[in-house]
Every structure is written in structure tokens, then in C-alpha cells.
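**Q** Quick one: this structure, given as C-alpha cells, is what I'll be asking you about.
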Amino acid sequence: MAARRPQAPSPQERRSTGYVYARLRAMVLGGELPAGSALSQASLAGELGVSRTPLREAARLLQNEGLLVGEPNQRLRVADVSLEDLDQLYAIRVATEAMALRVAVPRMDAGHVTALGEALSQIEERAVDGGDFDEAHRRFHRLLVEPAGERFASLAETSWDHTSRYRVAYLTAVPDVSGALLDAQSDHRRILGAIRAGDGPQAALALTEHYGRTARAVFAGADGDFVPVALDEAIASVRVACGT
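Just so we're aligned, residue 18 is where the sequence shown starts under my numbering, counting upward by one.
Put into C-alpha cells, the structure is as follows:
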């Protein structure tokens, strides 16, 4: 039986703040609206086929999220990307997701661990055949923290989304993308191995090292002199919490 295509939004749905927010957010995170670019509310409303009211509300939500910046004359600007901001993002991910994973591991049943293994296999398959493995990659990381609770899962999702802007902006800064993918898969296997052993602290350490390695590859490629102070502090805190 063929999969059903998702229905296009109705004209009423397209006029809603929720639709405009989701559409604009996807445009920012995906790089369709590049970092630092100036935006005209009138032009955006015309492009999206919506009135100014839901656009203003959506823009306000995105400003609260730190993705848009308000400027004089009702203009908007896509928030810039910077290594300092990326340092903070990875520090937040390390601190919150390592804690979440320590909480989550004792709560994982056999079915959940199996789902993690399946997500990891999908990442490997799609990396080999050149497919888009981002969905499986995201699913793997989401499954790591879900058992810790909705608040942790929501924080992880938001951090993932914000980090995705940097994958678009700084992908060329990583000199060996293929090597980075191999390292990431090795990290994923170590995380899953610790989970299968029921060792939450070791899983958290493996996740921390994974994020540290990923972030430092970007920092080194973009600016070899950059020192990720926040990330280093977060990693040190996790090591203390995990008894190393």
C-alpha cells in the first residue's frame, strides 16, 4: 500500500501564526534565510502569502528564541552565527544531555535499547549509500534522552535545531567530513555499548566526548586559535559528576 502524501495546509491554516512560525523557523534553520540577512516584513508576508499580523506574531516568537533580531522601521534580521555562540550551544548540550542520559539509562527497557540499535544501523546504512542520514541521526540522539522526561527531551530538541544552523554555516570548515563521520559513528557505538551494559555515567562520558570532538573539529577548521571556554567547563563538570 503506497504511503499517503501529507495534505497541503488549508488557506486557513496558512494564515495561522503557528504555520507562519514553523515555515519561517525552517527557513532560518535550513539556511534558506542566511545568518545575518536583513528581512522585510512586507516582502516576507508576500512570499508566504500571509497577512502582516501572523507574520509579526511569528517573528516575535522567533526573536524570543534568538533566531531573529528586531531592527528599526519594523525590519528584521536573521541572527548571526558565531563561534562564541556555538561554544555556548555545545556547552548547554553537554551539560543537559549528559545529565539526561545518566537519568535515562536506568529507565531504558529492552525495546528502547533495540530502537537505539536500529537508529544506529540506519545511520550507518545511509552514510554508506549516500542517503540522508540526518533523520536517523536525530532519532538516535532523541532516543538517548527521551526516558529522562519531556523537559530534557524538549531542551535537547531545541539545542539540536539551533546547532543545525551551524551545520549549514560551518560544514565547509571541517577539513575531513568523511573522517568526522567515521569518528561520530565510533562514538555512537561506544555510547550504545555503555547503555547496553547499564552504565549511565560511562554513556554520559561517551556522549560528552562525542560532542567535544564534533565541536572542536568545527572550531579548528573555522579558527585554529579559538578556545571553547564554555565547552571546556561543561566537559570538566561532567567528568567530575561521572567520577573521572
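Note that beta-carbon positions come from the ideal geometry of N, C-alpha and C, so glycine has one too.
For clarity, every value in this text was computed on a predicted model and none was experimentally measured.
For Gly48, tell me which candidate among Ser254, His179 and Arg69 has the shortest Cα-Cα distance.
**A** As a first step, residue 48 is located in the sequence shown; it is residue number 31 there, counting from the start. Closest option to Gly48, Cα to Cα, is His179.
**Q** The alpha helix (DSSP H) spanning Ala153 covers which residue range?
**A** Working through the sequence shown from its first residue, we reach residue 153 at position 136. Its alpha helix (DSSP H) spans residues Asp151 to Val162.
**Q** Does the Cβ of Gly241 have 16 or more other Cβ atoms within 10 Å, making it buried, or fewer, making it exposed?
**A** On the sequence shown, residue 241 is found 224 positions in, with the first residue counted as 1. Exposed.
**Q** Is Gly63 helix, strand or coil by DSSP?
**A** Along the sequence shown, one-based indexing puts residue 63 at 46. Reduced to three states, the DSSP call for Gly63 is helix.
**Q** Since Ala165 and Ala117 are thought to touch, with beta carbons under 8 Å apart, how far apart are those beta carbons, to the nearest angstrom?
**A** As a first step, residue 165 must be located in the sequence shown, where it is residue number 148. As a first step, residue 117 must be located in the sequence shown, where it is residue number 100. Ala165 to Ala117, Cβ: 4 Å. Contact.
**Q** Just grab the DSSP bridge partners of Arg94 for me.
**A** Reading the sequence shown from its first residue, position 77 is the one you call residue 94. According to DSSP, Arg94 bridges with Ala55 and Val86.
**Q** How would you label Glu114, buried or exposed, when you count the other beta carbons within 10 angstroms and need 16 or more for buried?
**A** As a first step, residue 114 is located in the sequence shown; it is residue number 97 there, counting from the start. That one is buried.
**Q** Starting from Val44, trace the alpha helix (DSSP H) both ways and give me its first and last residue.
**A** Taking the sequence shown and counting its residues from 1, the one referred to as residue 44 is at position 27. The amino acid occupying residue 44 in the given sequence is Met; Val does not appear at that position. Run containing Met44: Thr34 to Leu46, per the alpha helix (DSSP H) assignment.
**Q** Which full runs of the beta strand (DSSP E) of 3+ residues lie inside the region 92-145, going along the chain?
**A** 92-95
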